[in-house]
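Colleague: Residue numbers (my numbering), protein chains in the order written: chain A, -18 to 336; chain Y, -11 to 295; chain E, 174 to 480.
Backbone N, C-alpha and C fix where the C-beta goes; we use that ideal spot for every residue, glycine too.
From a predicted model like this one, the values you see are computed outputs, not experimental measurements.
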Amino acid sequence: MEIKLQSLTKVFVAKDKKETVAVNNMDITIPSGKLIGLLGPSGCGKSTTLYMIAGLLEPTAGKIYFGDEDVTNTPPELRGIGLVFQNYALYPHMTVAQNIMFPLENIKVPKAEALERAQEMADLVGIGELMNRKPKELSGGQQQRVAIARALVKKPRVLLLDEPLSNLDARLRLQTREEIKRIQRETGITTIFVTHDQEEAMSISDEIVLMEAGIKQQVGVPQDVYDQPDNLFVAKFLGTPPINTFAGKLEAGKIMLAGHNIGKVESKTNQEVLIGIRPEGFNVVEKSKLSLPIYMVETIGRDTALIIKDPNDEAKTFRAIVDSSHRIKPGDTVNFAIKPDKLYVFNKDTGELVK
Amino acid sequence: MIESKNNLKAWLYLAPALILLGLFTFYPLFNAFFLAFVKDFNSITRSTHGMDGYAFVLFDNFSRVFKSPDFGQAVKNTAVIMLVSVPASIITALVISVALNSIKRFQGFLQTVFFLPYVTNSIAIGMTFAFIFHSDYGLVNMFLGWFGVNPITWVGPGASWEAGMTALLIYTVWGGLAFKILVFLSGLQSIDKQYYDAAKIDATPRGRVFSKITVPLLSPMIAYITITSFIGAAKAYSTIIGMFGASLGPEGNANAFITFVGLIYDALEKGTIGAYSVAASAAIVLFLFTFMFTLINMWVSKKRVHY
Amino acid sequence: MENVNSNNKNYRNKELMAKILVYTFLIGFGLFVILPFYWMVLTSLKSAEAIIAKPPILWLWPNEWELSNFKDAITAVPYFRFMLNTVVVAIFATIGTIITTVLAAFAFARLEFKGRDTLFMFMLATMMIPGEMYVITNYMTISKIPLSGLFVDGGYSLLANQTWGMSIIALTLPFMTSVFYMFFLRQSFKQIPNELYYAAKVDGTTDFKYLLKIMVPIAKPTIITITILNAMGTWNAYIWPRLVANKEIFRLVTNGLRGAAHVDELGRPIFEEQMAATLIVTLPLLIVFLLLKKYIMRGVSRSGIKG
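#1: Tell me the DSSP secondary structure of Y:Y183 in three-state form.
#2: Give the interface partners of E:Y134 over in chain Y, defined as CB-CB distance under 8 Å, in chain order.
#3: Are the CB atoms of Y:W134 and Y:F121 nearer to each other than 8 Å?
#4: If A:L141 and A:G63 are in contact, beta carbons under 8 Å, what's the gap, nearest whole angstrom?
#5: Measuring CB to CB, does Y:A242 end up less than 8 Å from E:I309?
#6: Restricting to runs no shorter than 3 residues, where is the beta strand (DSSP E) found entirely within the segment 11 to 93 of chain Y?
#7: Since A:D284 sits in a beta bridge, which residues does DSSP pair it with?
#8: In chain Y, what lies closer than 9 Å to A:N68 by C-beta?
#9: When you compare each of Y:P16, Y:F25, Y:N129, Y:Y106 to Y:F50 by their alpha carbons, which one comes out closest?
#10: Where does E:K244 sit, in a helix, a strand or coil, going by DSSP?
#11: Answer yes or no: does any C-beta atom of chain A fall closer than 8 Å to that of E:Y184?
#12: Could you give the first and the last residue of the continuous beta strand (DSSP E) run that contains A:F174?
#13: I want to see whether chain A comes within less than 8 Å of Y:P193, judged by CB atoms only; does it?
#14: Would you grab the beta carbon distance between Y:L173 and Y:S85 for me? Rounded to a whole angstrom, and I think it's under 8 Å.
#15: Taking the beta carbon of E:A226 as the centre, do at least 16 other beta carbons fall within 10 Å, making it buried, or is it exposed?
#16: What residue from A:A194, A:Q165, A:S147 has the CA that sits closest to A:V175's CA?
#17: Return the Cβ separation of E:M213 and Y:T116 in integer angstroms, given the expectation that the two are a contact with Cβ distance under 8 Å.
#18: Verify the contact flag: A:D187, CB atom, against every heavy atom of the ligand MG, threshold strictly below 7 Å.
#19: Once you ignore the five residues that flank Y:L23 on each side, which residues in its own chain have a CB closer than 7 Å to its CB?
#20: Are the beta-carbon atoms of E:A278 and E:L402 separated by less than 8 Å?
#21: Which value, in whole angstroms, describes the spacing of the CA atoms of E:E368 and E:A392?
#22: E:Y312 CB to nearest chain Y CB: under 8 Å?
#23: Tell me which same chain residues have a C-beta within less than 8 Å of the C-beta of A:T314, skipping the five on either side of it?
#24: Given 8 Å as the limit, is there contact between the segment 224 to 233 of chain A and the segment 184 to 202 of chain A, that is, 3 or more CB pairs closer than that?
#25: In chain E, what lies closer than 9 Å to Y:A267 by C-beta?
#26: According to DSSP, simplified to helix, strand and coil, what is Y:I252?
#27: Could you work out which residue in A:F47, A:K115, A:P73 is closest to A:G61 when comparing CA atoms only?
#28: Using only CA atoms, which one of Y:W149, Y:Y1, Y:R194, Y:L17 lies nearest to Y:S90?
#29: Less than 7 Å between C-beta atoms, sequence neighbours within five positions excluded: which residues of the same chain meet that for E:I397?
#30: Could you spell out where the beta strand (DSSP E) holding A:M7 opens and where it closes?
#31: Taking the continuous beta strand (DSSP E) assigned at A:L19, which residues delimit it?
#32: Do E:S474 and Y:V249 have their C-beta atoms within less than 8 Å of each other?
#33: State the DSSP-derived secondary structure class of A:Q67, mapped to helix, strand or coil.
#34: Identify whether A:G201 lies in helix, strand or coil by the three-state DSSP scheme.
#35: State the CB to CB distance for the pair A:V134 and A:I81, rounded to an integer number of angstroms; the pair is presumed to be in contact (CB under 8 Å).
#36: Three or more C-beta pairs closer than 8 Å, one from the segment 325 to 332 of chain A and one from the segment 240 to 255 of chain E: is that the case here?
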């Protein structure tokens, strides 16, 4: 099921009549059968978007299409969606089986068939053995799977997950996100999940939609978005440690950092810009114009993080990650070359990428 | 060393409360059991009548309770009040609370309105209800008159037991709603809204949301309210005073609406030889009854309350 | 497509219908709850002729108000004196309750001492026991406090030759503490983080100073709730004052209502005067409620859930 959001807008009006634009004019097409991560910092409008797709929130303006069907005014129960809530919303007084069967009983599926389908779903998500337990007897990861099974049991057209991993501990998170990917693959259902964790979104999504302040920033395959950010926000939000930014200049297409040319762009306009360099974008070389004193060194096994004073501003530092085979001590002066594909230039005012 | 110092300090903090409780709670408790077994207790001499000390009996005082002329009536009235008013007011309160919880506009205002009966004087409102049920000038008969019903004597002289009890039950339900609605409503408001969102997405019909989600999730409050309401109804007394006056019945038919607690005060106010022992015995019977009821209720709710 | 749209329309209509139904239901029951109050006010303003009008008059314009009913009511029964008695009793009983329960709750919540949990469980258990069990002995105690030789031979009676002061003591003494409020306060105290106590200890603050300067201010909402509930309880007290206030003039407001007053020469009730009296008794409570709604409703719902 392809999902299309057309100029989708949600304005919340508080009691004191103050208006907050939670989602601003969103246009996205979500391809059928894909796993889509809706990503952004908290308060960016991603959950609001999800709830509007679910039908639990009414859009202020704009349209939502499932395929060719306009579902903007369709009540949630007629949309054919499954929704997994952030805290799972499992009914505490029902067993796992009763929880999973509940949606089927609502539409009067015969009990025997309902039980069979519930068992099938439980097996799919790997909790087939736990059908007679109550939610409070399950671990967070198991509860999560019950919630997914409950959402899937009525064979929805779309599966929506609201921060599916945020209530799990770090180890379970890794395991569960692979599980979500597997379930999505096996069922082939169009799935949208909301998260604020970029690593989570990038690791399992077929595509990510990055949002900020209610506005869509960029949509694409995770690696493409990471490699070709449209703007400073996207570049900053994706990647850990985050991208380093420096004040710099463009002079006839040359990127100038602290008086050194470190790369080039197509644009020939001379202007002051922000230069972004990913931490892994630094090569240690024998000789270069960019030679900087090392302030601190953090050895982290595979890599070494170098903490270096900002050439523009002594009070600030930035981080470069290099191969640990380089034996570097604090106080050394190291020559760097910048990898061109890890180097970006952004407009100083708008944050837009300058090509 | 430190602990014993602490011990002493703690008892000092407790002393004022403990002294008062000892005098007016613990001692009366044991004294009630004592009195219940004293023979012919004389409240003036504080001894068995005609003796310097006490003589004891086993069940005489209890059997005097059971044989008292109003006993059957008191048990019947109390039982009817318990079995009708409690379920009626709980169900009404539950439906009102759910309705209140589902609306946004006027919720606060209506909540205040429904709470009003809690802050009123049960005698004063009882008198008002008695007048509302007045056979000639009352609102109820006027209303029934619109449907061609002839005036009924609800609470006045010559009122039948059925009529009087109906009026009393309506008043009792009215008076019991406020507390229950408040407790249910705060219970409802503490239920995670996501359960309802989940139910909505799963196309759950309204009735099923109520019976499969709301009621089970509210079951701890329902169990609590059930226990306290039954105990409260078992002790009904001032509502009857309010409606019928100290005679506990319509004019010419005193004690027609006497309750179990009414028996206790009846005996206490008479103050005749042995009356205190009868009152004490009746109070013990009441205590055992409510205690049993609480145990049964707790046992039932353990099985049915989900967490 | 067509199908979905008609579904939507159907759905909206259903929603609207449900909304109308819910509001109708709530307003209907709201009227049922308000009705006695309205009838009380209306009747208290009716003239003797208006009372017996058939069908009953449902509305009066201000120029038709018979305000003399209130004058008659307070002439027949000294309500203002009763109110004074009630207020004095409420003040003393509440101050006593607050002092004893705050001290005891502090010991239970904060201090470690031998037998603490046993004692607390024992106290909670007494909450299950109906008050009727205490009344008998408490009445005996008040009528003859066993302090032989100290005042009079054989004990001191608060009932014989009762003065106003004695009546106040008799009315308040048994109600100077409360297990329920102790429990309620202990819950509030327990929510105060331990670190605060340890910080105070490190700074050399004494326990008593900590209780007074830290715990009491933090638990202020609970204490206010207790004050209001306790005062309201006194206002509604009926049985105990009827037993121990030995002179008519020492009684409390509720006792005035169901006395022999407000009747004509033939002993028939004068309804407009009765309702004026109930309004006089009810109004102060309603005013207090509307002013302190927040504390009362929050307190009652909290004590309901945790009690």
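Modeller: Checking against the coordinates, here is how it stands:
#1: Numbered from 1 along the second sequence, position 195 holds the residue referred to as residue 183 of chain Y. Helix.
#2: Limits of chain E in this structure are 174 at one end and 480 at the other, which puts residue 134 of chain E out of reach.
#3: By one-based count along the second sequence, residue 134 of chain Y stands at place 146. By one-based count along the second sequence, residue 121 of chain Y stands at place 133. Taking 8 Å as the Cβ cut-off, Y:W134 and Y:F121 do not qualify as a contacting pair.
#4: The residue you call residue 141 of chain A lines up with position 160 of the first sequence. The residue you call residue 63 of chain A lines up with position 82 of the first sequence. Going by Cβ atoms, the distance from A:L141 to A:G63 rounds to 7 Å, so yes, they are a contact pair.
#5: Against the second sequence, residue 242 of chain Y aligns to sequence position 254. Against the third sequence, residue 309 of chain E aligns to sequence position 136. No, the pair does not count as a contact, with Cβ atoms beyond the cut-off.
#6: none
#7: As a first step, residue 284 of chain A is located in the first sequence; it is residue number 303 there, counting from the start. Answer is A:I281, A:D304.
#8: Position 87 of the first sequence, counted from the first residue, corresponds to residue 68 of chain A. Those are D180, Q182, listed as they occur along chain Y.
#9: By one-based count along the second sequence, residue 50 of chain Y stands at place 62. Comparing Cα positions, the closest option is Y:F25.
#10: For the purposes of this step, residue 244 of chain E is taken as the residue at position 71 of the third sequence. If DSSP states are grouped into helix, strand and coil, E:K244 belongs with the helices.
#11: Stepping through the third sequence from its first residue, residue 184 of chain E is reached at position 11. Yes - at least one Cβ of chain A is within 8 Å of the one on E:Y184.
#12: On the first sequence, residue 174 of chain A is found 193 positions in, with the first residue counted as 1. Looking at the DSSP string, the run of the beta strand (DSSP E) that includes A:F174 is 171 to 176.
#13: Taking the first residue of the second sequence as position 1, residue 193 of chain Y is located at position 205. So yes, Y:P193 belongs to the interface.
#14: Residue mapping note: residue 173 of chain Y aligns to position 185 of the second sequence, counting from 1. Residue mapping note: residue 85 of chain Y aligns to position 97 of the second sequence, counting from 1. So it is a contact: roughly 5 Å between Cβ atoms.
#15: Sequence index remark: in the third sequence, residue 226 of chain E carries index 53 (1-based). So E:A226 counts as exposed.
#16: Position 194 of the first sequence holds residue 175 of chain A. Comparing Cα positions, the closest option is A:S147.
#17: Locating residue 213 of chain E in the third sequence gives position 40, where the first residue counts as 1. Locating residue 116 of chain Y in the second sequence gives position 128, where the first residue counts as 1. With a Cβ gap of about 5 Å, E:M213 and Y:T116 count as contacting.
#18: Ligands in the displayed structure: none, and consequently the ligand MG is not present.
#19: Translated into positions along the second sequence, residue 23 of chain Y becomes position 35. Excluding positions up to five away in sequence, the list reads F29, Y264, S265, A268.
#20: Within the third sequence, numbered from 1, the residue matching residue 278 of chain E stands at position 105. Within the third sequence, numbered from 1, the residue matching residue 402 of chain E stands at position 229. Taking 8 Å as the Cβ cut-off, E:A278 and E:L402 do not qualify as a contacting pair.
#21: In the third sequence, residue 368 of chain E corresponds to position 195, counting from 1. In the third sequence, residue 392 of chain E corresponds to position 219, counting from 1. Their backbone Cα atoms lie some 16 Å apart in a straight line.
#22: For the purposes of this step, residue 312 of chain E is identified with residue 139 of the third sequence, where counting begins at 1. Yes, its Cβ sits closer than 8 Å to a Cβ of chain Y.
#23: Counting from 1 along the first sequence, the entry for residue 314 of chain A is found at position 333. Correct list, in chain order: S272, L273, P274, I275.
#24: no
#25: Your numbering for residue 267 of chain Y matches position 279 in the second sequence. Neighbours of Y:A267 on chain E, chain order: E305, V308, I309.
#26: Position 264 of the second sequence, counted from the first residue, corresponds to residue 252 of chain Y. In the structure shown, Y:I252 sits in a helix (DSSP, three-state: H, G or I).
#27: For the purposes of this step, residue 61 of chain A is taken as the residue at position 80 of the first sequence. For A:G61, the nearest C-alpha among the options comes from A:F47.
#28: On the second sequence, position 102 is the one that residue 90 of chain Y refers to. The candidate whose alpha carbon is nearest that of Y:S90 is Y:R194.
#29: Position 224 of the third sequence, counted from the first residue, corresponds to residue 397 of chain E. Same-chain partners within the cutoff: Y468.
#30: For the purposes of this step, residue 7 of chain A is taken as residue 26 along the first sequence, with counting starting at 1. Note, A:M7: beta strand (DSSP E), 0 to 11.
#31: By one-based count along the first sequence, residue 19 of chain A stands at place 38. Looking at the DSSP string, the run of the beta strand (DSSP E) that includes A:L19 is 16 to 20.
#32: Counting from 1 along the third sequence, the entry for residue 474 of chain E is found at position 301. Counting from 1 along the second sequence, the entry for residue 249 of chain Y is found at position 261. Contact flag unset, no.
#33: What you label residue 67 of chain A is simply residue 86 of the first sequence in a count that begins at 1. It is coil, neither helix nor strand.
#34: Within the first sequence, numbered from 1, the residue matching residue 201 of chain A stands at position 220. If DSSP states are grouped into helix, strand and coil, A:G201 belongs with the strands.
#35: As a working mapping, residue 134 of chain A is identified with position 153 in the first sequence. As a working mapping, residue 81 of chain A is identified with position 100 in the first sequence. A:V134 to A:I81, Cβ: 5 Å. Contact.
#36: no
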